[in-house]
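Report on one structure; see the data block that follows.
In this note's numbering, the protein residues as written are 133 to 591.
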């Protein structure tokens with residue numbers, strides 16, 4: 133139920149339910165007035181008031197009210213989408229240790245940015261259709277009971293409940309296959325999103341390897357979809373046979389047993405299409421229930437991306453004995469870094485050590501500890517710069533990032549291999565700018581290639 137809260141927490145869903153209720157009251161009113169005209173016609177003839185009510189009840193639901201339903205459904209979807217995205221941003225904000233965990237980062241991102249938003253849209257439309265169909269069945273069944281006989285209405289309800297029971301019994305199998313279907317689809321889409329280089333560069337060897345993996349993932353996705361459809365449609369078909377058989381048999385039985393009462397038989401026959409329409413709607417509800425088992429599992433998976441992620445412990449990746457901290461001409465052991473940052477207001481610290489000893493992990497641990505007072509700048513990123521990144525080179529992006537940070541109020545600046553892939557000229561410009569930044573705040577850096585001069589010159 134928690135996965136539905138971001139959808140229900142907006143006024144447009146409530147407005148949508150009220151408008152759908154109005155629409156279905158009008159539809160049920162049309163059923164009732166049609167039955168009254170049929171039943172009274174041989175005796176009282178056509179009555180203008182009832183005919184006018186019938187016209188209003190038939191005309192409004194499919195025109196003006198339908199427009200309101202569609203408009204509110206769209207507003208409800210966009211509002212629910214915004215609620216989910218805000219929850220996604222809030223829960224994932226400032227969890228820096230996940231930066232190093234590619235699987236965690238990609239998994240949560242793939243869920244919300246690919247299948248997740250489609251699932252939210254499907255859920256809103258599903259709830260809209262389910263509300264409309266459910267109210268249609270309830271209110272039209274009441275109308276049929278008022279016009280004909282309580283027996284037919286009871287049979288419709290019982291038949292519907294039996295059909296829903298059949299769907300419910302198959303629910304666990306549908307949910308299991310549905311979850312597997314969404315996960316295999318996500319794997320396929322994630323692999324496809326990383327296909328650009330393999331396709332456009334035209335390297336045959338790498339493309340063949342990528343294509344083989346793609347085909348394997350596609351087959352898994354196809355098998356999962358077929359398995360879900362098989363489980364769902366088997367249950368829906370069985371429920372449909374039970375529901376159709378009971379309602380149609382009851383209507384014909386009532387018509388036969390009351391064949392001496394022409395008005396009643398005529399009302400039964402006129403209401404028969406509406407009864408069968410109700411049966412069709414019950415089948416739709418049964419189908420919705422089967423679809424919900426699928427959609428619910430997809431929504432649960434989507435909701436996983438807005439739950440607060442557990443912080444990842446990176447300490448096992450940090451080999452403290454192989455890492456040193458340099459400031460000016462002084463070298464400190466790795467374990468002193470937090471005390472150094474607590475006791476200094478400004479200065480430039482350089483983390484040194486061989487590749488693979490956990491320097492970047494240490495930097496992320498610092499970001500995790502100092503939280504909002506620290507700003508972390510990785511070597512490669514898509515952070516929002518004041519200048520358009522598409523028009524900038526790698527060196528220009530790095531310089532633009534530091535220019536933005538000059539006007540920021542962060543106390544600690546964490547730079548991860550800022551000099552990677554920079555020309556000598558850009559590296560010198562960056563180095564000078566970092567020196568300037570460290571006059572007013574703490575700068576902790578990892579250098580891709582440490583030079584003999586120009587490191588940590590700030591007193």
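Ideal placement from N, C-alpha and C gives every residue a C-beta, glycine not left out.
Sort out for me which residues DSSP pairs residue i with in a bridge.
i	result
residue 308	The partner list for residue 308 (beta bridge, DSSP) is empty, contrary to what the question assumes.
residue 508	546
residue 577	482, 547
residue 456	465, 484
Below 7 Å CB to CB, which residues in the same chain sit around residue i once its five sequence neighbours on both sides are set aside?
i	result
residue 211	142, 144
residue 157	271
residue 489	451, 454, 455
residue 391	397
residue 297	none
residue 110	What is shown of the chain runs 133 to 591, which leaves residue 110 out entirely.
residue 224	240, 441
residue 147	204
residue 493	232, 446, 449, 450
residue 437	220, 240, 243, 244, 248
residue 376	411
residue 583	Its pLDDT being 46, under 50, residue 583 is placed unreliably by the model, and nothing is read from it.
residue 400	280, 383, 386, 387
residue 190	162
Counting along the chain, where does the beta strand (DSSP E) carrying residue i start and finish?
i	result
residue 545	544-548
Confirm, please, whether the CB-CB distance from residue j to residue i is below 8 Å.
i	j	result
residue 382	residue 280	no
residue 139	residue 255	yes
residue 295	residue 374	yes
residue 323	residue 339	no
residue 473	residue 464	no
residue 205	residue 406	no
residue 343	residue 309	no
residue 229	residue 515	no
residue 247	residue 318	yes
residue 524	residue 569	no
Short of 6 Å in beta carbon distance, which residues of its chain neighbour residue i, apart from the five on each side in sequence? Order them along the chain.
i	result
residue 577	482, 547
residue 241	none
residue 551	559, 579, 580
residue 526	553
residue 500	228, 229
residue 404	383
If I measure Cβ to Cβ from residue i and keep anything under 8 Å in the same chain, skipping five residues before and after, which residues do I get?
i	result
residue 152	201, 260, 263, 264, 267
residue 168	182, 279
residue 507	537, 540, 542, 544, 545, 546
residue 467	452
residue 327	342, 346
residue 457	463, 464, 465, 466, 468, 469, 472, 481, 482, 483, 484
residue 353	313, 316, 317, 319, 320
residue 215	138, 139, 141, 142
residue 498	469, 470, 473, 506, 544, 546, 576
How is the alpha helix (DSSP H) around residue i delimited, first residue to last?
i	result
residue 198	196-224
residue 382	336-389
residue 568	556-569
residue 300	282-301
residue 272	249-279
residue 538	526-538
residue 107	Any question about residue 107 goes unanswered here, given that the chain covers just 133 to 591.
residue 490	Unbroken run through residue 490: none, as it is neither H nor E.
residue 328	328-332
residue 186	180-191
Which whole-angstrom value is the C-beta distance of residue i and residue j, which I expect to be below 8 Å?
i	j	result
residue 480	residue 314	Contact doesn't hold; Cβ gap of about 48 Å is too wide.
residue 193	residue 159	5 Å
residue 549	residue 532	About 17 Å; that fails the 8 Å criterion.
residue 218	residue 504	Rounded, the Cβ-Cβ distance is 19 Å, inconsistent with contact.
residue 299	residue 368	7 Å
residue 356	residue 316	5 Å
residue 411	residue 170	The Cβ separation is near 20 Å, so there is no contact.
residue 476	residue 566	Rounded, the Cβ-Cβ distance is 16 Å, inconsistent with contact.
residue 269	residue 414	6 Å
residue 420	residue 165	With 8 Å as the limit, residue 420 and residue 165 do not qualify as a contact, their Cβ atoms being about 28 Å apart.
residue 428	residue 307	7 Å
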